[in-house]
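Protein chains: 2
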Amino acid sequence: MVTEPTAIEFTWKPHCCADCAIRHRAVCSYSTPAELALLEKAKFYKDFEPGQEIVSEGEHTQVLGSVIDGVVALQKTLEDGRRQMVGLLFPSDFIGRPLRPVAPYDAVAATRVRMCLFHRREFEDLLRGSEQLKHRLLEMTLDELDAAQEWMLLLGRKTAAEKLASFLMILSRRAAVLENRPILDGMALQIPLGREAIAEYLGLTIETVSRQFSTLRRKGLVDLPDKRTVALTNVAALQQLAGEDFDDTASDAVA
Amino acid sequence: MVTEPTAIEFTWKPHCCADCAIRHRAVCSYSTPAELALLEKAKFYKDFEPGQEIVSEGEHTQVLGSVIDGVVALQKTLEDGRRQMVGLLFPSDFIGRPLRPVAPYDAVAATRVRMCLFHRREFEDLLRGSEQLKHRLLEMTLDELDAAQEWMLLLGRKTAAEKLASFLMILSRRAAVLENRPILDGMALQIPLGREAIAEYLGLTIETVSRQFSTLRRKGLVDLPDKRTVALTNVAALQQLAGEDFDDTASDAVA
DNA sequence: CTGGCGCCTTGATCCACATCAAGGCCGCGG
DNA sequence: CCGCGGCCTTGATGTGGATCAAGGCGCCAG
Numbered sequence: 025m026v027t028e029p030t031a032i033e034f035t036w037k038p039h040c041c042a043d044c045a046i047r048h049r050a051v052c053s054y055s056t057p058a059e060l061a062l063l064e065k066a067k068f069y070k071d072f073e074p075g076q077e078i079v080s081e082g083e084h085t086q087v088l089g090s091v092i093d094g095v096v097a098l099q100k101t102l103e104d105g106r107r108q109m110v111g112l113l114f115p116s117d118f119i120g121r122p123l124r125p126v127a128p129y130d131a132v133a134a135t136r137v138r139m140c141l142f143h144r145r146e147f148e149d150l151l152r153g154s155e156q157l158k159h160r161l162l163e164m165t166l167d168e169l170d171a172a173q174e175w176m177l178l179l180g181r182k183t184a185a186e187k188l189a190s191f192l193m194i195l196s197r198r199a200a201v202l203e204n205r206p207i208l209d210g211m212a213l214q215i216p217l218g219r220e221a222i223a224e225y226l227g228l229t230i231e232t233v234s235r236q237f238s239t240l241r242r243k244g245l246v247d248l249p250d251k252r253t254v255a256l257t258n259v260a261a262l263q264q265l266a267g268e269d270f271d272d273t274a275s276d277a278v279a
Numbered sequence: 025m026v027t028e029p030t031a032i033e034f035t036w037k038p039h040c041c042a043d044c045a046i047r048h049r050a051v052c053s054y055s056t057p058a059e060l061a062l063l064e065k066a067k068f069y070k071d072f073e074p075g076q077e078i079v080s081e082g083e084h085t086q087v088l089g090s091v092i093d094g095v096v097a098l099q100k101t102l103e104d105g106r107r108q109m110v111g112l113l114f115p116s117d118f119i120g121r122p123l124r125p126v127a128p129y130d131a132v133a134a135t136r137v138r139m140c141l142f143h144r145r146e147f148e149d150l151l152r153g154s155e156q157l158k159h160r161l162l163e164m165t166l167d168e169l170d171a172a173q174e175w176m177l178l179l180g181r182k183t184a185a186e187k188l189a190s191f192l193m194i195l196s197r198r199a200a201v202l203e204n205r206p207i208l209d210g211m212a213l214q215i216p217l218g219r220e221a222i223a224e225y226l227g228l229t230i231e232t233v234s235r236q237f238s239t240l241r242r243k244g245l246v247d248l249p250d251k252r253t254v255a256l257t258n259v260a261a262l263q264q265l266a267g268e269d270f271d272d273t274a275s276d277a278v279a
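Chains as they are written, first to last, in the working numbering: chain W, 25 to 279; chain B, 25 to 279.
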């Protein structure tokens with residue numbers, strides 16, 4: 025194996041919005057060709073390394089934009105260092121609030137990340153004039169709010185085992201949508217977070233997360249081929265444990 | 025004392041939007057007189073008693089609208105009955121998601137509530153044509169998302185004492201904005217929730233909430249003249265305990 | 001090969017909050 | 001006046017997950 029210094033290089037490098045992989049899911053997805061041309065002129069790309077801060081809490085942010093590739097964690101920190109993740113963004117998700125200059129959280133690249141960015145002022149100007157952008161942004165914000173409320177139920181009322189099961193189901197569903205395939209027994213799930221980040225997602229400690237992974241393995245609900253991969257060996261049981269009554273298990277329930 | 029059967033009757037009964045107490049904070053606050061006339065025709069009022077369900081989880085909701093008076097709790101329930109509050113709405117807040125027919129939570133009147141309602145279809149039609157409504161709704165949704173993320177930090181990482189202190193500060197700030205006055209030592213805070221609802225807000229049990237109230241009293245941070253009233257005797261210490269570093273204590277920081 | 005570091009797992013112990021249980025207070029109806 | 005039910009408080013005990021502590025494994029540098 026030859027060590028490649030830039031092994032995880034992005035394979036895909038759009039120069040025009042029409043070719044963009046997230047064209048039909050991102051904030052621009054309702055935009056007309058005319059509007060797209062304006063966005064095209066204003067946008068610029070930027071890459072981030074894992075662990076790198078994209079915006080930081082309290083900062084007066086000058087940019088906002090869409091995740092093209094990679095995963096971004098939003099997290100809040102108490103003075104004594106206790107930390108809680110409050111958002112986990114995948115390709116096509118939008119970072120930054122128009123009309124709110126000060127960020128209420130850190131946004132940190134969890135993997136290598138490529139962003140499609142805009143200068144705040146320019147984006148706000150475009151937004152003001154665009155019914156489509158505004159509508160899509162409202163939709164996306166409502167989705168994020170729904171996710172946040174589901175997350176609150178998890179943080180406030182679920183046990184450690186239920187939390188981890190819920191987390192795995194959430195990731196599965198997300199992956200199913202992005203990759204346009206159903207959730208099936210045996211599917212391997214790439215987890216873009218280390219144990220510490222998972223703990224911050226779930227409001228637990230790293231030790232408890234580790235123990236719960238071991239418990240799930242012992243109970244035969246998952247396999248752990250390596251620490252960043254989970255194979256779901258019993259999706260139904262996992263869903264049950266998560267306290268959800270969806271049954272989109274083997275259906276092609278893809279938005 | 026003569027017992028008045030309808031003692032908490034609403035004193036204020038608008039018939040036209042221009043006179044409405046929430047005219048300048050609600051979803052309609054950016055609307056032009058022309059648009060307001062359309063809303064005026066479509067709106068209707070409805071009152072709810074404490075404990076009454078306004079919408080219920082999984083229901084295909086036909087109405088949405090603004091809280092005019094009273095307090096509404098949004099809550100999610102696990103199959104075995106564990107319950108978590110995920111929203112607490114005051115006058116001018118908006119209930120219901122345009123474009124999302126199925127409610128993901130119960131909305132329950134915590135006090136007597138008066139709502140200004142619209143039929144879903146009519147409201148969505150109005151929204152489609154209105155830059156102002158859409159913009160205001162986006163703003164309000166972003167605010168709700170901010171609140172939800174702050175709440176996630178509370179649920180995931182704060183201790184019982186910190187949770188209760190945070191809750192009191194959140195209520196104080198809300199009351200300060202609605203009543204347009206600063207937060208001062210000695211101010212009496214009316215709590216629109218019983219102990220059980222507070223526990224559901226904070227992800228605790230009713231017993232723990234009760235004990236934490238007693239602890240705050242013993243430490244001299246609050247007085248408890250009756251079970252629905254809290255007098256803040258040391259706002260700075262309470263804020264400190266809540267883990268916040270705002271200092272809008274004695275300022276007229278009113279939005 | 002060796003040592004060190006980052007990340008994860010596992011075990012032992014502790015403690016904050018849940019659970020179980022027993023009243024207290026107050027308003028209401030008889 | 002009493003008894004009852006709703007709501008809250010307080011005490012005793014239990015327990016899930018935190019904390020403390022000790023390695024294990026893989027990777028990299030030397």
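Beta carbons: idealized from backbone N, C-alpha and C, even for Gly.
Cβ neighbours of residue 136/B in the same chain (closer than 8 Å, five flanking residues each side left out): Taking the second sequence and counting its residues from 1, the one referred to as residue 136/B is at position 112. Hits under 8 Å: 32, 34, 71, 72, 73, 74, 93 and 94.
CB contact check: residue 48/W to chain B, cutoff 9 Å: On the first sequence, position 24 is the one that residue 48/W refers to. By this cut-off, residue 48/W is not an interface position.
Residues of the stretch 166-184 of chain B with Cβ closer than 8 Å to any Cβ of chain W, in chain order: If the cut-off is 8 Å between Cβ atoms, the stretch 166-184 of chain B has 166, 168, 169, 170, 172, 173, 174, 175, 176, 177, 179, 180, 181 and 182 near chain W.
First and last residue of the uninterrupted beta strand (DSSP E) at residue 69/B: Taking the first residue of the second sequence as position 1, residue 69/B is located at position 45. Element bounds for residue 69/B: 68-72.
Residue of 144/W, 222/W and 132/W minimising C-alpha distance to residue 126/W: The sequence position of residue 126/W within the first sequence is 102, counting from 1. The shortest C-alpha separation from residue 126/W is found at 144/W.
Residue 191/B to residue 225/W span [Cα, whole Å]: The residue labelled residue 191/B in the question sits at position 167 within the second sequence. The residue labelled residue 225/W in the question sits at position 201 within the first sequence. Spanning the two alpha carbons is a distance of roughly 22 Å.
Nearest candidate by alpha-carbon position, reference residue 196/B, set 42/B, 216/B and 119/B: Along the second sequence, read from residue 1 onward, the residue named residue 196/B stands at position 172. Taking only the C-alpha atoms, the option nearest residue 196/B is 216/B.
First through last residue of the beta strand (DSSP E) which encompasses residue 139/B: Taking the first residue of the second sequence as position 1, residue 139/B is located at position 115. Here the beta strand (DSSP E) through residue 139/B covers 137-143.
CB contact check: residue 159/B to chain W, cutoff 9 Å: The residue given as residue 159/B occupies position 135 in the second sequence. Interface residue, yes.
Continuous beta strand (DSSP E) stretch holding residue 46/W: start and end: Within the first sequence, the letter at position 22 stands for residue 46/W. Careful: residue 46/W lies outside any beta strand (DSSP E) and carries neither H nor E.
Interface residues of the stretch 123-154 of chain B facing chain W [CB-CB below 8 Å]: 123, 124, 128 and 129
Collapsed DSSP secondary structure at residue 41/B in the structure displayed: Here residue 41/B refers to the residue found at position 17 of the second sequence. Reduced to three states, the DSSP call for residue 41/B is helix.
Residue 129/W and residue 158/W closer than 9 Å at C-beta: Position 105 of the first sequence holds residue 129/W. Position 134 of the first sequence holds residue 158/W. The answer is no: Cβ separation not under 9 Å.
Straight-line Cα distance separating residue 146/W from residue 227/W: To locate residue 227/W, count along the first sequence from 1; it is residue 203. To locate residue 146/W, count along the first sequence from 1; it is residue 122. About 37 Å.
Proximal residues, the stretch 91-105 of chain B versus chain W, C-beta separation under 7 Å: 100, 102 and 103
Whole-number beta carbon distance between residue 66/W and residue 142/W, since they are thought to touch under 8 Å: Counting from 1 along the first sequence, the entry for residue 142/W is found at position 118. Counting from 1 along the first sequence, the entry for residue 66/W is found at position 42. Confirmed, about 5 Å.
Meets three-Cβ-pair contact criterion under 8 Å: the stretch 193-207 of chain B and the stretch 230-245 of chain B: no
Cα-Cα separation, residue 48/B to residue 96/B: Sequence index remark: in the second sequence, residue 48/B carries index 24 (1-based). Sequence index remark: in the second sequence, residue 96/B carries index 72 (1-based). For residue 48/B and residue 96/B, the distance between alpha carbons rounds to 20 Å.
Contact set between the stretch 245-267 of chain B and chain W, restricted to residues whose Cβ is under 9 Å from the partner: Residues of the stretch 245-267 of chain B whose Cβ lies closer than 9 Å to any Cβ of chain W, in chain order: 267.
Nearest-angstrom beta carbon gap, residue 177/W and residue 108/B [assumed within contact, 8 Å]: Locating residue 108/B in the second sequence gives position 84, where the first residue counts as 1. Locating residue 177/W in the first sequence gives position 153, where the first residue counts as 1. With a Cβ gap of about 5 Å, residue 108/B and residue 177/W count as contacting.
Straight-line gap, residue 204/B to residue 185/W (C-alpha atoms, nearest Å): For the purposes of this step, residue 204/B is identified with residue 180 of the second sequence, where counting begins at 1. For the purposes of this step, residue 185/W is identified with residue 161 of the first sequence, where counting begins at 1. So the alpha carbons of these two residues sit roughly 45 Å apart.
Residue 85/B to residue 261/B span [Cα, whole Å]: To locate residue 85/B, count along the second sequence from 1; it is residue 61. To locate residue 261/B, count along the second sequence from 1; it is residue 237. Counting only the Cα atoms, residue 261/B lies some 43 Å from residue 85/B.
Inter-residue Cα distance where the pair is residue 7/W and residue 59/B: Here chain W comprises residues numbered 25 to 279, so residue 7/W is not present and cannot be evaluated.
Local conformation of residue 256/B per DSSP, three classes: Within the second sequence, the letter at position 232 stands for residue 256/B. Strand at residue 256/B.
Straight-line gap, residue 218/W to residue 208/W (C-alpha atoms, nearest Å): By 1-based counting over the first sequence, the position of residue 218/W is 194. By 1-based counting over the first sequence, the position of residue 208/W is 184. Roughly 24 Å between the two C-alpha positions.
Terminal residues of the alpha helix (DSSP H) in which residue 242/W lies: Translated into the one-based positions of the first sequence, residue 242/W becomes position 218. Taken as a continuous stretch (DSSP letters only), the alpha helix (DSSP H) holding residue 242/W covers 230-242.
Proximity below 9 Å, CB of residue 236/W to CB of residue 193/W: Residue 236/W sits at position 212 when you count from the first residue of the first sequence. Residue 193/W sits at position 169 when you count from the first residue of the first sequence. Inclusion of residue 236/W and residue 193/W in the CB contact set at 9 Å is not warranted, their separation being larger than that value.
Minimum Cβ-Cβ distance from residue 214/W to chain B less than 9 Å: Here residue 214/W is taken as the residue at index 190 of the first sequence, counted from 1. So, not an interface residue.
First through last residue of the beta strand (DSSP E) which encompasses residue 109/B: Position 85 of the second sequence, counting from 1, holds the residue named residue 109/B. That run of the beta strand (DSSP E) goes 107-113.
Straight-line Cα distance separating residue 76/W from residue 106/B: Your numbering for residue 106/B matches position 82 in the second sequence. Your numbering for residue 76/W matches position 52 in the first sequence. When rounded, the distance between both Cα atoms is 38 Å.
C-beta neighbour in chain B for residue 75/W, strict 9 Å: Residue mapping note: residue 75/W aligns to position 51 of the first sequence, counting from 1. No, residue 75/W lies away from the interface with chain B (no Cβ there is under 9 Å from its Cβ).
Rounded separation between residue 274/W and residue 212/W - CA only: Here residue 274/W refers to the residue found at position 250 of the first sequence. Here residue 212/W refers to the residue found at position 188 of the first sequence. Confidence is the limiting factor: at residue 274/W the pLDDT is only 42, short of 50, which leaves the residue's position unreliable, though a coordinate-based value still follows. Their backbone Cα atoms lie some 15 Å apart in a straight line.
Contacts that residue 108/W makes with chain B (C-beta to C-beta distance below 7 Å): On the first sequence, position 84 is the one that residue 108/W refers to. The contacting residues are 176, 177, 180 and 181.
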